Amino acid sequence: MIRLCLNSRSSSITSLLLLAVSLFSPRLAAEVPLRTFIASYDLYQDGQHIAVAQLSLQSSDELWRWRMTTKARGIYALFISKSPYSETAFMQYDNDIQLQQIVIRDSTDQNKHESANFDWNKGSVAVLRRGKQKQLPLTAEVYDYNSIHLLTAAMYLRQLNSTTVDFYRKGKLVKSRVVYSGEENVDINGEPIDALVYEQLIVSSNSKIKYYYDANNPLLPLRIEKLESGEGPTTLTLREVNWDL
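Under my numbering, the first residue of the sequence shown carries the number 54, and numbering increases by one thereafter.
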């Protein structure tokens, strides 16, 4: 069931702004309040409902894990055999967000296994991609397609309009710029919501990604749109969410 608490927007924003004042760490996402959830999404490509997806944030001891799964639906399951899965484990440690591991795989193709293991003491990340191993240097906080929601939440808390961070993509650490672009009204299951909108541009990528959030729940994306020149948009739209499982 979706519980977005729309009627408490004013009090929620006030609380979040007060929290933002208390964040003294130079690291953006170090003190973002975390809350477990499991959310399901409808995946559209060129306007066609081709798959369903699930995004979750859950904790185990000191580790938090983002997980994303996608599976084709209906007749599209006959033509789309891919079943991608990604997992991002991280810790909040010494006023810092530290990714511990990224795993990307597809249950239908064992050759598409990819992993990145972070060693912050040594300042390096061990990457395995397409059967090849390599080491990358770590110099700052790193985000990926799952943990990016920590960054946008931190930007909202601090009323920060733009930032540039290190981003893990296809076995590399590249620069990514995230910009707050204002509010837009979005329809979620027939309910209009004034959403906060953030746009992401990634070095070496031709696509732009837009993220939509409700101010009361800035970690939960309401919609994610991938826009690429010459192609129709790919969109994830929230179907339902269960909190604190």
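Built from N, CA and C at the ideal position, the CB exists for glycine as well. Quick caveat: nothing in here was measured; it's all calculated off a predicted structure.
Assuming residue i and residue j make a contact with CB atoms under 8 Å, what is their CB distance in whole Å?
i, j, result
"Gln154", "Ser177", "With a Cβ gap of about 14 Å, Gln154 and Ser177 do not count as contacting."
"Tyr221", "Asp197", "4 Å"
"Leu280", "Tyr266", "Leu280 to Tyr266, Cβ: 18 Å. No contact."
"Leu116", "Leu87", "So it is not a contact: roughly 11 Å between Cβ atoms."
Which residue marks the beginning of the alpha helix (DSSP H) containing residue i, and which one marks its end?
i, result
"Thr89", "Per DSSP, Thr89 belongs to no alpha helix (DSSP H) and is neither H nor E."
"Tyr146", "Run containing Tyr146: none; DSSP gives neither H nor E here."
Grab the span of the beta strand (DSSP E) containing residue i for me, first residue to last.
i, result
"Tyr264", "Ser260 to Tyr266"
"Ser109", "Gln101 to Ser113"
"Leu275", "Pro274 to Glu281"
"Asp247", "Glu244 to Ile255"
"Asn295", "Thr287 to Trp296"
Please identify the residue among the options whose C-alpha is closest to the C-alpha of residue i.
i, options, result
"Thr192", "Val227, Gly184 and Tyr198", "Val227"
"Ser136", "Ile103, Ser109 and Asn269", "Ile103"
"Ile241", "Leu273, Asp114 and Lys175", "Leu273"
"Lys185", "Thr217, Glu194 and Gly224", "Gly224"
"Ile262", "Ile201, Glu252, Asn170 and Tyr138", "Glu252"
"Ala125", "Val195, Pro86 and Tyr138", "Tyr138"
"Ala106", "Ser113, Met121 and Ser260", "Met121"
"Tyr209", "Glu236, Asp219 and Ala92", "Glu236"
"Gly285", "Gly100, Thr89 and Ala92", "Gly100"
Q: Return the chain-ordered ranges of every beta strand (DSSP E) run that is complete within the region 149 to 232 and spans a minimum of 3 residues.
A: Correct list: 150 to 159, 162 to 172, 177 to 182, 185 to 190 and 215 to 222.
Q) Using 8 Å as the Cβ pair cut-off and three pairs as the minimum, do the region 282 to 293 and the region 96 to 112 touch? A) The region 96 to 112 and the region 282 to 293 touch, with three or more beta-carbon pairs separated by less than 8 Å.
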